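Notes to accompany the following structure.
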Amino acid sequence: MRADPTEYRLVSPGDLQAVLSLLASEPAQWLPIAGGTDVMVLYSAGKLPNRKLINIWNIPELRRIDVFPDTVRIGAACTYTALRKHDIVSREFPLLATAASWTGGIANQNRGTLGGNIANASPAADALPALLVYDAEVTLISASGERRVSYRVFHSGYKQTALAADELIRDISLPRRFSGYVSHARKVGARNAQAISKVCLAALGQIANGAIRDVRLALGSVAPVPLRLNETEHVLIGKKIEPSLIDATKASVVKEIRPIDDIRSTARYRAAVAGNLVAEFIEKLAAAGANE
Amino acid sequence: MNPLPAASAKCEVSFTVNGEAKKLLAHPMERLLDVLRNDLKLTGTKEGCGEGECGSCSVLLDGMLVNSCLVPVAQASGASIVTIEGMSAHALMHPLQKAFLECGGAQCGICTPGMILAAVHLLENKPEPSAAEIREGLAGNLCRCTGYMQIFEAVARAARRRVAK
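Residue numbers (the numbering used here), protein chains in the order written: chain S, 37 to 328; chain P, 2 to 166.
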């Protein structure tokens with residue numbers, strides 16, 4: 037049933053400290069809303085449990101992208117459009133810029149935010165595997181202080197996150213040390229825009245003297261959380277790329293993921309595609325090695 | 002679930018729509034789409050899916066293409082909004098409207114206002130879009146009648162005329 041707007045409150049404190057005070061005064065009562073691309077969908081369907089919402093779309097601190105010598109710090113309410121348009125993000129973090137271009141259509145990219153995607157914690161979100169391979173760190177703030185959490189441990193289970201009831205994601209920091217890597221992003225879905233992925237891959241790798249020096253792999257839509265493929269990375273690091281390694285890689289990917297059957301695909305299809313996407317990346321890495 | 006709903010008071014919202022200043026009272030979580038259609042009687046903006054998937058309710062909010070079904074009206078406070086009604090001036094069609102008409106880019110008309118707004122936004126950002134850029138710019142707008150080719154051609158034609166001027 038459609039939601040009745042008279043039953044919902046939405047306040048716009050307009051500055052970060054006021055937002056944090058309200059979150060602290062009634063923890064877990066207030067749901068932050070930025071671009072609304074997730075919240076408004078639930079709301080309109082009458083499925084939003086929260087009746088009190090707090091507007092964080094208009095908080096300037098959350099909309100900045102700051103570039104430091106060693107890191108790029110992305111405000112949690114930066115939109116996918118802002119990420120795509122940012123020179124350094126596009127140049128040094130192409131996996132994130134590419135995933136931003138896959139997220140919804142242009143109208144949703146103009147409103148959808150990186151912090152919102154992280155807090156919403158969908159294992160199918162296209163941008164989240166990129167954050168895993170780039171070693172993102174998330175800054176969480178509350179009225180009582182701030183803490184930094186490695187993005188690798190942020191999602192503890194399906195739709196479970198490290199966010200406490202009074203906390204807000206302030207920014208996402210990315211270390212600027214991956215621009216020399218070969219990068220590869222692939223989404224498999226029913227169509228390019230507006231379709232949630234059946235499987236998506238973010239991958240980085242380096243090759244030196246014919247062997248894989250470093251490799252970083254993460255997949256979306258294959259587990260309850262966006263998944264970094266630690267075991268498969270171990271299979272690959274230090275090895276020369278040859279056909280037997282590709283076979284071992286595919287087997288390891290299938291062992292490591294936990295896909296399900298759902299409305300968009302089947303576990304069997306996802307497993308086959310996940311293995312093939314990683315294999316495609318290893319072949320791309322081999323081609324880059326051949327041109328060393 | 003809270004047995005007593007947290008009732009919301011109406012708030013005053015001011016914004017400009019198609020260049021005209023508007024001030025009204027609304028519940029803050031009312032969808033911009035509903036305020037445009039019901040309070041301001043601007044029914045050119047259509048509701049398709051109501052969940053941000055189809056683009057029928059597209060409007061420009063401070064120059065940005067948005068799905069108005071996903072915007073709580075309180076977030077539009079102070080903004081400048083453009084709807085399909087703002088496209089034509091003095092009964093003259095906007096060049097994109099004209100191109101849609103010429104190319105057969107509109108049939109049932111439900112997606113058309115959103116398509117035109119998405120195309121306006123595209124040409125503002127990319128005055129000479131490639132075919133791929135036209136497809137990407139309109140990828141969030143679904144049409145169940147035309148098969149899209151006439152729409153893409155209309156946008157390409159309007160872009161060529163705009164650049165030629």
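Just so it is clear, CB atoms sit at the ideal spot from N, CA and C, and this is done for glycine as well. Remember, it's a predicted structure, so these values are computed and weren't measured experimentally.
Query, Result
"Tell me which residues share the same chain as residue 70/P and place their Cβ nearer than 6 Å to its Cβ, disregarding the 5 neighbours each side in the sequence.", "32, 34, 51, 58"
"What separation, rounded to the nearest whole angstrom, lies between the Cα atoms of residue 282/S and residue 303/S?", "21 Å"
"Could you tell me whether any Cβ in chain P is nearer than 8 Å to the Cβ of residue 204/S?", "no"
"Quick check on the burial criterion: 16 or more other C-beta atoms within 10 angstroms. Buried or exposed for residue 318/S?", "buried"
"Could you run through the region 91 to 121 of chain S and flag, in chain order, every residue whose CB is less than 7 Å away from some CB of chain P?", "91, 93"
"Taking Cβ positions only, does residue 4/P come closer than 8 Å to chain S?", "At residue 4/P, the pLDDT of 44 sits below 50, so the modelled position is not reliable; the number obtained from the coordinates is stated separately. So, not an interface residue."
"Determine, for residue 148/P, whether the minimum Cβ-Cβ distance to residues of chain S falls below 8 Å.", "no"
"What residues from chain S crowd round residue 122/P, counting only those whose CB sits closer than 9 Å?", "142, 143, 146"
"First and last residue of the alpha helix (DSSP H) that includes residue 120/S?", "116 to 121"
"Here's a check: name, in chain order, each residue in its chain whose Cβ is nearer than 8 Å to the Cβ of residue 153/P, leaving out the five neighbours to either side.", "132, 135, 136, 139"
"Mind checking whether residue 150/S and residue 110/S have CB atoms under 8 Å apart?", "yes"
"Rank 129/P, 149/P, 155/P by C-alpha distance to the C-alpha of residue 166/P and give the top, closest one.", "129/P"
"Following the continuous beta strand (DSSP E) through residue 82/P, name the residue where it begins and the one where it ends.", "81 to 83"
"Which chain S residues are close to residue 51/P, counting only those with a beta carbon under 9 Å from its beta carbon?", "38, 77, 80, 81"
"So which residues of chain P does residue 149/S contact, with C-beta pairs closer than 9 Å?", "Under the 9 Å cutoff, chain P gives no residues; its nearest Cβ is about 12 Å from residue 149/S."
"Name the chain P residues whose beta carbon is nearer than 9 Å to that of residue 305/S?", "None at all; the shortest Cβ gap to chain P is about 23 Å."
"Counting along the chain, where does the beta strand (DSSP E) carrying residue 67/P start and finish?", "65 to 68"
"Using alpha carbons as the reference points, say which of 125/S, 88/S, 97/S, 262/S lies closest to residue 293/S.", "262/S"
"Tell me the DSSP bridge mates of residue 25/S?", "Absent from the model: residue 25/S. The displayed extent of chain S is 37 to 328, so no value can be given."
"Cα separation between residue 236/S and residue 255/S?", "6 Å"
"Closer than 7 Å by beta-carbon distance: list the chain P residues that pair up with residue 73/S, in chain order.", "53, 71"
"I'd like to know if the region 63 to 81 of chain P and the region 68 to 87 of chain S are in contact, where contact means that at least 3 CB-CB pairs between them fall below 8 Å.", "yes"
"Compute the Euclidean distance between the alpha carbons of residue 28/P and residue 11/P, then round it to the nearest angstrom.", "4 Å"
"Does residue 138/P come within less than 8 Å of chain S when only Cβ atoms are used?", "yes"
"Given that a residue counts as buried once 16 or more other Cβ atoms are within 10 Å of its Cβ, and exposed if not, what is residue 50/S?", "exposed"
"Alpha carbon to alpha carbon, what distance is there between residue 239/S and residue 270/S?", "14 Å"
"Does the region 55 to 70 of chain S touch the region 170 to 183 of chain S, meaning 3 or more C-beta pairs lie closer than 8 Å?", "yes"
"Buried or exposed for residue 5/P, please, with buried defined as at least 16 other CB atoms from any protein chain shown within 10 angstroms of its CB.", "Its pLDDT being 48, under 50, residue 5/P is placed unreliably by the model, and the measurement read from it follows with that caveat. Exposed, since its Cβ has fewer than 16 Cβ neighbours within 10 Å."
"Exposed or buried, residue 44/S, counting other C-beta atoms within 10 Å across all chains shown (16 or more means buried)?", "buried"
"State buried or exposed for residue 109/P, treating a residue as buried only when at least 16 other CB atoms are found within 10 Å of its CB.", "exposed"
"Using 8 Å as the threshold, is the C-beta distance between residue 174/S and residue 185/S below it?", "yes"
"Give, in chain order, every residue of the region 215 to 238 of chain S whose Cβ lies closer than 9 Å to some Cβ of chain P.", "227, 228, 229, 230"
"Along the region 40 to 55 of chain S, what residues have a CB closer than 9 Å to any CB found in chain P?", "40, 41, 42, 43, 44, 45, 46, 47, 48"
"Pull up the DSSP beta-bridge partners for residue 90/P, would you.", "93/P"
"Kindly say whether residue 89/S, judged by its beta-carbon, lies nearer than 8 Å to any beta-carbon of chain P.", "yes"
"With 8 Å as the threshold, decide whether the Cβ of residue 31/P is near any Cβ in chain S.", "yes"
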